[in-house]
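J.: These protein sequence lines are chains A and B, in that order.
Going by full-length UniProt numbering, the first sequence opens with residue 1, and the numbers climb by one from there.
Going by full-length UniProt numbering, the second sequence opens with residue 1, and the numbers climb by one from there.
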Amino acid sequence: MRGLRLCAVLVLLGVLSACQSTSILERQSILVALAYDAKEDRTFQVTGTFIEAEPEAQESSHTISVEAETSKGARRKMNQMLPYTVAAGQTRVILLDRDMFRFKMLNEIEVLSRDPFFGDMINIAIVDGSPGELLKHKYEEYSNIATSLNSLLEHNTKMNWVPSMTLHDFTRSRGINRIDLAIPLIKKEEEEVILSSLALIHRDQIVGEATPNEGFFLKTLKGTDTPYLYELNIKKKDMQESGMDRYLLQDTDTVKVVFNVTKSKGKIKLVDKKDIKFNTVVDIDIDIQEVSQRYNFTESGAINALEHQLMIELSKQLQQFLDKLRKVNSDCVGFGEIYRSRVGNSEVVEEKWEEMFPQSTINGQVTIKVIRTGIIE
Amino acid sequence: MKVLSNPPENIQIHAYLLFFVICNVQIGVGIFNFERYIYQASKHDAWISVILAALFTHFVMWLIVRALSRYESADLYGIHYDLFGKVIGTLFNCIYMLYYLCITIVIMRNYIDVIQAWIFPDIPTWLIVSLLSILTIYAGFGGIRVIIGMCMLGFVVILFTVFLFYSSLKYAIWTQLLPIMESGVMDIIDGAIRMSFTLAGFEIILFIYPYIVNKERTMRYSQLALLFANMVYLIIMTLSIVYFSSDQMLRSIWPSINMLKIVKYPFLERLEFVVISVWMLMVLTGILINTWAVTRGFKRMWNLNQKVMLLIVIALASGITIAIHGHTAIEQINKWLGSGNVVFSLIYPIFLSGIVTIVFKFRGRKRPDSKGGTS
Numbered sequence: 001m002r003g004l005r006l007c008a009v010l011v012l013l014g015v016l017s018a019c020q021s022t023s024i025l026e027r028q029s030i031l032v033a034l035a036y037d038a039k040e041d042r043t044f045q046v047t048g049t050f051i052e053a054e055p056e057a058q059e060s061s062h063t064i065s066v067e068a069e070t071s072k073g074a075r076r077k078m079n080q081m082l083p084y085t086v087a088a089g090q091t092r093v094i095l096l097d098r099d100m101f102r103f104k105m106l107n108e109i110e111v112l113s114r115d116p117f118f119g120d121m122i123n124i125a126i127v128d129g130s131p132g133e134l135l136k137h138k139y140e141e142y143s144n145i146a147t148s149l150n151s152l153l154e155h156n157t158k159m160n161w162v163p164s165m166t167l168h169d170f171t172r173s174r175g176i177n178r179i180d181l182a183i184p185l186i187k188k189e190e191e192e193v194i195l196s197s198l199a200l201i202h203r204d205q206i207v208g209e210a211t212p213n214e215g216f217f218l219k220t221l222k223g224t225d226t227p228y229l230y231e232l233n234i235k236k237k238d239m240q241e242s243g244m245d246r247y248l249l250q251d252t253d254t255v256k257v258v259f260n261v262t263k264s265k266g267k268i269k270l271v272d273k274k275d276i277k278f279n280t281v282v283d284i285d286i287d288i289q290e291v292s293q294r295y296n297f298t299e300s301g302a303i304n305a306l307e308h309q310l311m312i313e314l315s316k317q318l319q320q321f322l323d324k325l326r327k328v329n330s331d332c333v334g335f336g337e338i339y340r341s342r343v344g345n346s347e348v349v350e351e352k353w354e355e356m357f358p359q360s361t362i363n364g365q366v367t368i369k370v371i372r373t374g375i376i377e
Numbered sequence: 001m002k003v004l005s006n007p008p009e010n011i012q013i014h015a016y017l018l019f020f021v022i023c024n025v026q027i028g029v030g031i032f033n034f035e036r037y038i039y040q041a042s043k044h045d046a047w048i049s050v051i052l053a054a055l056f057t058h059f060v061m062w063l064i065v066r067a068l069s070r071y072e073s074a075d076l077y078g079i080h081y082d083l084f085g086k087v088i089g090t091l092f093n094c095i096y097m098l099y100y101l102c103i104t105i106v107i108m109r110n111y112i113d114v115i116q117a118w119i120f121p122d123i124p125t126w127l128i129v130s131l132l133s134i135l136t137i138y139a140g141f142g143g144i145r146v147i148i149g150m151c152m153l154g155f156v157v158i159l160f161t162v163f164l165f166y167s168s169l170k171y172a173i174w175t176q177l178l179p180i181m182e183s184g185v186m187d188i189i190d191g192a193i194r195m196s197f198t199l200a201g202f203e204i205i206l207f208i209y210p211y212i213v214n215k216e217r218t219m220r221y222s223q224l225a226l227l228f229a230n231m232v233y234l235i236i237m238t239l240s241i242v243y244f245s246s247d248q249m250l251r252s253i254w255p256s257i258n259m260l261k262i263v264k265y266p267f268l269e270r271l272e273f274v275v276i277s278v279w280m281l282m283v284l285t286g287i288l289i290n291t292w293a294v295t296r297g298f299k300r301m302w303n304l305n306q307k308v309m310l311l312i313v314i315a316l317a318s319g320i321t322i323a324i325h326g327h328t329a330i331e332q333i334n335k336w337l338g339s340g341n342v343v344f345s346l347i348y349p350i351f352l353s354g355i356v357t358i359v360f361k362f363r364g365r366k367r368p369d370s371k372g373g374t375s
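1) Closer than 9 Å between beta carbons: that is the criterion. Which residues of the segment 255 to 284 of chain A meet it against chain B?
2) Shorter than 8 Å from the beta carbon of Pro163 of chain A to some beta carbon of chain B?
3) Would you say Asp180 of chain A lies against chain B (beta-carbon separation less than 8 Å)?
4) Is there a Cβ of chain A sitting closer than 8 Å to that of residue 381 of chain B, yes or no?
5) Residues of chain A with CB closer than 7 Å to the CB of Leu135 of chain B, please, in chain order.
6) Listing by chain order, which chain A residues have their CB less than 8 Å from the CB of Asp45 of chain B?
7) Under the assumption that Leu132 of chain B contacts Met108 of chain B (Cβ atoms under 8 Å), give the Cβ distance between them as a whole number of angstroms.
8) I'd like the list of long-range same chain contacts for Glu269 of chain B, defined as Cβ closer than 8 Å, with 5 residues on each side in sequence excluded.
9) Counting only Cβ-Cβ distances shorter than 7 Å, please list the residues of the segment 139 to 158 of chain B near chain A, keeping chain order.
10) Is there a Cβ from chain B that is less than 8 Å from the Cβ of Ser21 of chain A?
11) Alpha carbon to alpha carbon, what distance is there between Tyr233 of chain B and Ile322 of chain B?
12) Can you check whether the C-beta of Ser375 of chain B is within less than 8 Å of a C-beta belonging to chain A?
13) For a quick check, are the C-beta atoms of Gly132 of chain A and Asp41 of chain A less than 8 Å apart?
14) So, does the CB of Gln116 of chain B fall closer than 8 Å to a CB anywhere in chain A?
15) Tell me whether the beta-carbon of Leu13 of chain A lies closer than 8 Å to the beta-carbon of Val86 of chain A.
16) Report the residue from A:Glu56, A:Leu314, A:Gly175 whose alpha carbon sits nearest the alpha carbon of Phe259 of chain A.
17) Please confirm if Lys371 of chain B has its CB atom under 8 Å from at least one CB of chain A.
18) Look up Asp45 of chain B in the DSSP assignment and give the residues it is bridged to.
19) Quick check: Ala317 of chain B and Ile88 of chain B, are their CB atoms within less than 8 Å of each other?
20) Measuring CA to CA, which of B:Lys307, B:Ala200, B:Ser256 is closest to Met61 of chain B?
21) Considering only their Cβ atoms, is the gap separating Leu134 of chain A from Lys222 of chain A smaller than 8 Å?
22) Could you check where the alpha helix (DSSP H) with Tyr243 of chain B kicks off and where it finishes?
23) Quick test of your reading: Tyr230 of chain A and Ala305 of chain A, contact by CB under 8 Å. State the CB separation rounded to the nearest angstrom.
24) With DSSP run on the structure shown, which of helix, strand or coil describes Ile276 of chain B?
25) Taking only three categories from DSSP, how would you classify His62 of chain A?
26) Report yes or no: is there a C-beta of chain A within less than 8 Å of the C-beta of Leu337 of chain B?
27) With 16 other CB atoms within 10 Å as the buried threshold, where does Lys261 of chain B fall?
28) Hey, could you find the ends of the beta strand (DSSP E) Ile201 of chain A is sitting in?
29) In angstroms with no decimal places, state the Cα-to-Cα distance between residue 384 of chain B and Leu96 of chain A.
30) In chain order, what residues of the same chain have a beta carbon less than 6 Å from the beta carbon of Phe155 of chain B, not counting five sequence neighbours either side?
31) Can you check DSSP and say which residues form a bridge with Ile13 of chain B?
32) Would you call the segment 60 to 77 of chain B and the segment 283 to 290 of chain B touching, i.e. three or more CB-CB distances under 8 Å?
33) Is Leu106 of chain A helix, strand or coil when you go by DSSP?
Given below as structure tokens:
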């Protein structure tokens with residue numbers, strides 16, 4: 001028995017210290033970004049950006065493009081063009097063009113989550129124009145466009161108005177009718193890449209766009225505390241209701257106010273199940289950063305008047321956004337999910353929500369608390 | 001065979017170690033995909049099914065320990081002899097041994113399936129089977145105390161893994177748990193029954209009981225272990241409901257591993273690969289305990305050498321494991337064994353406890369006779 005145990009130890013040492021398959025960093029074509037250009041014949045132009053692991057390589061990344069019918073087909077063709085096997089585990093960004101939605105070809109993106117080597121935290125964005133061209137272009141500003149795009153999406157998702165849109169979010173929302181997608185939209189303007197707005201989706205179709213301010217409301221209503229620098233133009237004639245005009249030290253037609261949202265919380269309440277009526281409240285704490293005209297902060301009532309005026313303005317903007325969502329029938333906030341959770345009858349709600357949502361009533365209200373007015377009064 | 005089993009003092013264990021053993025047999029490879037099966041039955045009320053199943057296991061455990069405490073120091077093999085006589089007792093013992101052999105095969109094959117799907121698609125089954133077999137032989141030769149030592153290590157793995165699920169909270173949609181009780185009562189009960197495959201294993205106490213030094217504490221630690229395992233399942237089930245859409249949940253083969261795909265640290269990401277690899281320790285403890293229960297049967301009934309029998313049992317289990325091909329076959333076997341679990345882990349212990357109570361009442365005595373059993 002002792003001999004058998006020794007044998008077992010030796011075999012174990014041999015097997016456990018061996019490699020089933022090796023992946024040497026320098027011998028991998030590390031995929032960082034994938035771009036899909038859809039074609040009318042339901043094929044794709046798939047473009048991939050790879051980082052160079054070899055230290056002597058002249059450029060930090062290179063991009064290749066193939067025509068394919070499926071994602072796996074594209075990968076096979078890329079392997080035929082590259083010196084080393086494609087390693088998909090480091091993929092950070094997937095870019096789609098508008099035609100992917102027009103031709104309803106989004107299943108190809110969803111199937112990526114079947115592959116264990118693709119992570120679920122890959123950022124997804126839509127490109128105005130050709131995503132393939134966006135990756136292929138030689139930029140003066142960016143040494144590696146793929147990693148720059150990832151950083152652009154990451155920091156705007158973490159610290160700004162962009163709601164999270166990872167492969168997991170994408171797959172989850174596509175699986176249910178009562179939460180629609182809102183995907184970041186990227187534009188290439190000469191040598192710059194800009195995160196311009198959000199594409200509102202319904203049933204795999206782009207039905208509208210949301211501005212950064214609306215993105216802030218969306219993200220807050222979805223339950224994420226969103227730091228955001230909000231810019232607002234207030235007309236003098238609109239200030240009478242709050243009495244803000246009384247504290248202006250200079251006569252002017254418009255006042256520009258810039259404030260930093262330090263804390264935000266969205267609440268959605270279903271107030272009428274039968275007529276489908278929601279009340280939404282966005283509570284925010286702000287820090288006034290800039291007022292374009294001299295404003296008498298020292299006088300009592302001045303801050304209250306400003307607070308009140310901002311509430312009126314932001315409530316108006318929130319209401320416009322909510323009306324827009326109903327108009328384009330894109331429930332990216334998830335009112336359908338809230339309705340289902342309160343009313344039950346999940347299967348019927350899931351099936352009928354797209355008809356019910358435009359008929360619903362949603363009231364928006366913003367409440368503001370000015371925490372500080374900067375470091376100068 | 002004697003009804004009572006009195007292992008030597010040097011291989012006896014303290015009751016608190018039961019906590020680790022039961023946690024390890026209950027939390028095994030089933031943790032990767034149990035959510036899907038329960039969700040199929042009771043949808044977003046699956047968490048209620050988990051609670052229901054958990055309460056039932058606590059009740060069954062109470063019955064088991066109560067039945068065991070009627071004997072001075074007996075295991076299931078001895079109790080069968082005592083209650084049903086030599087022939088039927090041996091038959092029942094053999095059925096249980098066969099059941100544990102099947103469990104060993106299912107644990108091995110399911111884990112290999114995960115390895116092949118997630119990490120090494122082209123690794124041959126025999127290679128992982130050999131690795132697991134050699135490790136089982138090596139640790140199994142050390143006896144029950146080494147196996148329990150492995151269980152303590154396994155507990156650390158469970159804790160480390162459960163904390164990783166914290167990341168999925170960021171993507172939780174809590175309203176997905178509502179409305180409560182939308183699924184029918186029968187669906188919720190169906191979900192609870194499906195939970196049995198995952199919860200099975202705690203009845204291993206029927207075999208370990210004679211090894212416990214302070215038997216009066218058995219109830220406390222076995223119930224605590226169940227509570228811990230059930231809490232782990234409840235947490236993972238609840239997180240899965242709020243993290244996935246219903247469509248994702250029904251289509252994911254291993255939802256728990258999918259949930260770990262989002263864990264990300266600045267210095268490390270894709271932790272699911274680490275978890276799957278480390279989970280081998282959990283799989284190993286499961287195999288070790290189950291094979292120990294089988295070989296213990298050989299020793300008790302026919303006084304055969306446990307080490308030799310371990311080699312034979314492992315060879316048999318490995319052969320059958322290698323012969324099972326494809327995910328569909330594995331799913332089918334899981335389904336069959338799921339029904340077996342309900343019988344062997346839940347229904348039969350209740351039945352056994354009932355018989356023990358009746359027999360002891362009928363005989364009108366609580367203390368065993370000189371042979372260890374009752375007459």
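From the three backbone atoms N, C-alpha and C, an ideal C-beta is built for every residue, glycine too.
As the structure is a computational prediction, the values presented were derived from the model and not from experiment.
T.: Let me lay it out:
1) none
2) Locating residue 163 of chain A in the first sequence gives position 163, counting from the first residue. Pro163 of chain A does not count as touching chain B.
3) The sequence position of residue 180 of chain A within the first sequence is 180, counting from 1. Chain B, which has no Cβ nearer than 8 Å to the Cβ of Asp180 of chain A, makes this no.
4) Chain B is shown from 1 up to 375; residue 381 of chain B falls before or after that span and cannot be answered.
5) Residue 135 of chain B sits at position 135 when you count from the first residue of the second sequence. Chain A residues near Leu135 of chain B: Leu12.
6) On the second sequence, position 45 is the one that residue 45 of chain B refers to. Result: empty, since nearest Cβ-Cβ is about 11 Å, beyond 8 Å.
7) Looking up residue 132 of chain B in the second sequence gives position 132. Looking up residue 108 of chain B in the second sequence gives position 108. Sure, about 6 Å apart at Cβ, within 8 Å.
8) As a working mapping, residue 269 of chain B is identified with position 269 in the second sequence. Contacts found: Val263.
9) Phe141
10) One-based indexing of the first sequence puts residue 21 of chain A at position 21. Closer than 8 Å to some Cβ of chain B, the Cβ of Ser21 of chain A qualifies, so yes.
11) Your numbering for residue 322 of chain B matches position 322 in the second sequence. Your numbering for residue 233 of chain B matches position 233 in the second sequence. Spanning the two alpha carbons is a distance of roughly 30 Å.
12) The count along the second sequence starts at 1 and reaches residue 375 of chain B at position 375. Residue placement at Ser375 of chain B cannot be trusted, given a pLDDT of 40 that sits under 50; the coordinates are not used to answer.
13) The count along the first sequence starts at 1 and reaches residue 132 of chain A at position 132. The count along the first sequence starts at 1 and reaches residue 41 of chain A at position 41. No, the pair does not count as a contact, with Cβ atoms beyond the cut-off.
14) For the purposes of this step, residue 116 of chain B is taken as the residue at position 116 of the second sequence. Chain A contact via Cβ: absent.
15) Here the question's residue 13 of chain A lines up with position 13 in the first sequence. Here the question's residue 86 of chain A lines up with position 86 in the first sequence. Against a cut-off of 8 Å, the Cβ pair of Val86 of chain A and Leu13 of chain A comes out as no contact.
16) Taking the first sequence and counting its residues from 1, one reaches residue 259 of chain A at position 259. That would be A:Leu314, whose Cα lies nearest to the Cα of Phe259 of chain A.
17) The residue given as residue 371 of chain B occupies position 371 in the second sequence. Note that Lys371 of chain B scores a pLDDT of 49, beneath 50, so its modelled location is shaky; the value from the coordinates is reported in the next line. Chain A contact via Cβ: absent.
18) Translated into the one-based positions of the second sequence, residue 45 of chain B becomes position 45. None; Asp45 of chain B has no bridge partner.
19) Here residue 317 of chain B is taken as the residue at index 317 of the second sequence, counted from 1. Here residue 88 of chain B is taken as the residue at index 88 of the second sequence, counted from 1. No, Cβ-Cβ distance for Ala317 of chain B and Ile88 of chain B is not below 8 Å.
20) The residue you call residue 61 of chain B lines up with position 61 of the second sequence. The shortest Cα separation from Met61 of chain B among B:Lys307, B:Ala200, B:Ser256 belongs to B:Ala200.
21) Position 222 of the first sequence, counted from the first residue, corresponds to residue 222 of chain A. Position 134 of the first sequence, counted from the first residue, corresponds to residue 134 of chain A. No, the pair does not count as a contact, with Cβ atoms beyond the cut-off.
22) Against the second sequence, residue 243 of chain B aligns to sequence position 243. 218 to 243 is the extent of the alpha helix (DSSP H) around Tyr243 of chain B.
23) Sequence index remark: in the first sequence, residue 230 of chain A carries index 230 (1-based). Sequence index remark: in the first sequence, residue 305 of chain A carries index 305 (1-based). Not a contact, Cβ separation roughly 18 Å.
24) Along the second sequence, read from residue 1 onward, the residue named residue 276 of chain B stands at position 276. In the structure shown, Ile276 of chain B sits in a helix (DSSP, three-state: H, G or I).
25) Position 62 of the first sequence, counted from the start, is the residue given in the question as residue 62 of chain A. The answer is strand: DSSP assigns His62 of chain A an E or B state.
26) Position 337 of the second sequence, counted from the first residue, corresponds to residue 337 of chain B. No, because no Cβ of chain A sits closer than 8 Å to the Cβ of Leu337 of chain B.
27) In the second sequence, counting from the first residue as 1, residue 261 of chain B sits at position 261. Classification for Lys261 of chain B: buried.
28) On the first sequence, position 201 is the one that residue 201 of chain A refers to. Run containing Ile201 of chain A: 192 to 202, per the beta strand (DSSP E) assignment.
29) Residue 384 of chain B is absent from the structure shown; chain B starts at 1 and stops at 375.
30) What you label residue 155 of chain B is simply residue 155 of the second sequence in a count that begins at 1. Excluding sequence neighbours, Phe155 of chain B sits near Phe20, Cys23.
31) The residue labelled residue 13 of chain B in the question sits at position 13 within the second sequence. Beta-bridge pairing links Ile13 of chain B to B:Ile212.
32) no
33) Along the first sequence, one-based indexing puts residue 106 of chain A at 106. Reduced to three states, the DSSP call for Leu106 of chain A is coil.
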